[in-house]
Amino acid sequence: MEDGAPGHRAKLTTQYREWIGLQPYKVSWPASLPDLNPIEAIWHIMKDRLFAANRNGQP
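Quick note: the sequence shown uses full-length UniProt numbering, first residue 1, plus one each step.
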């Protein structure tokens, strides 16, 4: 599965993929989706809790 990152389009990568007979499968969504990058969802939760604590006067 590829997302269009430079490493997936590099000449060496393309040549190797052709050599082993692998056809690329390109995804139609950006790699920054939270489903593909779960750490982003965790950061969002942490930021929400931090800002909520600051609004409530907690250190």
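Idealized CB from N, CA, C, for every residue including glycine.
Straight-line gap, residue i to residue j (C-alpha atoms, nearest Å)
i   : j   : result
R49 : G21 : 48 Å
I42 : R55 : 20 Å
A12 : H44 : Correcting the residue identity first, residue 12 is Leu in this sequence and not Ala. Distance between the alpha carbons of L12 and H44 is about 37 Å.
Residue i - DSSP class collapsed to helix/strand/coil
i          : result
residue 61 : This structure gives no information on residue 61, because the portion of the chain shown stretches from 1 to 59.
A52        : helix
A41        : helix
Neighbourhood of residue i by C-beta, 7 Å cutoff - its chain only, sequence neighbours within 5 removed
i          : result
residue 61 : Any property of residue 61 remains undetermined from this structure, which presents the chain solely from 1 to 59.
Contact set for residue i: own chain, Cβ-Cβ below 6 Å, skip 5 residues either direction
i   : result
F51 : none
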